[in-house]
Amino acid sequence: MSLTGACPQLLHRAHVIANHCVERPSTTEERFALLAEWYDPTAALLRRFQLLFYPRDGSVEMFDVKNQRTFLRRTKYEELNQEDLFVGNRVNIFSRQLSLIGYGDQYTASKLGSKKERKQAADFYSEHQSKSFFNNLMQFVTSGPVIAMEVMGDEAVSIWRKILGPTDSESARKDAPNSLRAQFGTDGTKNAAHGSKGGESSLISSPGFEGLRSSKQRENIMLCHFLALVVFEL
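Residue 1 is where the sequence shown starts when you use UniProt numbering, and the numbers rise one by one after that.
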C-alpha cells in the first residue's frame, strides 16, 4: 500500500488513541491511567489496554479497550514504579511487555507528563531554540496529547512531506489546498503535523523515540508526529 493510500488509516489510528484520552473518573483514591499496547504472539494481534496504577500500594489494573472488559483485576505489583510511567516507555507487567502510548486522562497527563514532555519537545526542536517563534512552538506542542507514528516506504520522506504540504498553513491553502496543513493548520507554527526532513533525523534519536524502530529499518524511514488537538477535529 502506498503512503498516500495509507494516510487515512494512520489518521484513524491517531484519532482512536486521542479519543481514549478521557477525563479522570471521580474517585477518593489517587490513580494514574495510561494507554498501553501489547503484541499478543499467540493471536498475532496488537492489543490495546488502559493501564491503571495506584501509587498508594503500588497495585495495577488493566482494562481491555476493544472488548470493554477487565483484563487484569487490581493486583499489587512491586516491580512497577511511578517513575516508569511516561509515554514512550516500555514496562513489563507479569511477563507482558507493554508500550505506553498515551495518557488515559487529563489528570494523569498533568501530573506525570508536563515537565518531561516539555523537555522532550525542546529536544525535538533544539535547532530552533534561538528563533523568535520557539516559545510559541513549545506552547503549541505541549498543549495537548501528541501522537507519534513511524512511516516506512519507498521515498517515504518526500511523499509524506508532499502530503503535509508547505510549512506555513496559509501558503498551503494557496499552493496545496488538499494537504494536511492546508486543511488542519492555522499558521507556520500551528501547522497540524511535523515531518522529518530526512530518514536519519534528530527526532529519531530524541528521548522517548529510541524504541520505535530497529536497526534493520534505517532506509527510507521518516518519523512524524501529529498533534491530537488537530486529530480531535477530524
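Even for Gly, the Cβ is constructed at its ideal location relative to N, Cα and C.
Computed from a predicted model, the values in this text were never measured in an experiment.
Coil, strand or helix - residue i by DSSP
{"i": "residue 32", "result": "strand"}
{"i": "residue 185", "result": "coil"}
{"i": "residue 56", "result": "coil"}
{"i": "residue 124", "result": "helix"}
{"i": "residue 170", "result": "helix"}
{"i": "residue 156", "result": "helix"}
{"i": "residue 205", "result": "Since pLDDT at residue 205 reaches only 45, below the 50 mark, its modelled position is unreliable, and the value read off the structure follows with that caveat. Residue 205: coil per DSSP, three-state reduction."}
The ligand FMN heavy atom lying under 7 Å from the CB of residue i
{"i": "residue 49", "result": "In the structure shown, the ligand FMN is absent, as is every other ligand, since no ligand is present at all."}
Close-in-space but distant-in-sequence residues of the same chain around residue i (CB under 7 Å, 5 per side omitted)
{"i": "residue 240", "result": "As shown, the chain starts at 1 and ends at 234. That puts residue 240 outside it, with no answer to give."}
{"i": "residue 136", "result": "189"}
{"i": "residue 186", "result": "169"}
{"i": "residue 161", "result": "195"}
Residue i versus the options, residue with shortest Cα-Cα distance
{"i": "residue 133", "options": "101, 152, 162, 168", "result": "168"}
{"i": "residue 106", "options": "43, 60, 142", "result": "142"}
{"i": "residue 102", "options": "75, 48, 83", "result": "48"}
{"i": "residue 79", "options": "67, 95, 86, 155", "result": "95"}
{"i": "residue 57", "options": "184, 176, 77", "result": "77"}
{"i": "residue 82", "options": "41, 66, 131, 108", "result": "108"}
{"i": "residue 193", "options": "130, 147, 173", "result": "147"}
{"i": "residue 36", "options": "42, 119, 84", "result": "84"}
CB contact flag (residue i, residue j, <8 Å)
{"i": "residue 195", "j": "residue 182", "result": "no"}
{"i": "residue 180", "j": "residue 104", "result": "no"}
{"i": "residue 98", "j": "residue 86", "result": "no"}
{"i": "residue 112", "j": "residue 32", "result": "yes"}
{"i": "residue 122", "j": "residue 138", "result": "yes"}
Cβ shell of residue i (< 8 Å), same chain only, five flanking positions each side left out
{"i": "residue 70", "result": "61, 62, 63, 64"}
{"i": "residue 45", "result": "39"}
{"i": "residue 74", "result": "52, 54, 59, 60, 61"}
{"i": "residue 90", "result": "97, 98, 99, 100, 211"}
{"i": "residue 72", "result": "60, 61, 62, 93, 94"}
{"i": "residue 125", "result": "134, 137, 138, 141"}
{"i": "residue 175", "result": "165, 166"}
{"i": "residue 66", "result": "47, 48"}
{"i": "residue 50", "result": "20, 33, 34, 35, 36, 62, 63, 65, 104"}
Residue-level contact to chain C via CB, residue i, 8 Å cutoff
{"i": "residue 119", "result": "Absent from the structure: chain C. Only one protein chain is present."}
Close-in-space but distant-in-sequence residues of the same chain around residue i (CB under 6 Å, 5 per side omitted)
{"i": "residue 158", "result": "none"}
Please give me, in chain order, every unbroken run of the alpha helix (DSSP H) with length at least 4 that falls completely inside the segment 67-142. DSSP runs (the alpha helix (DSSP H)) wholly in the segment 67-142: 114-124, 134-141.
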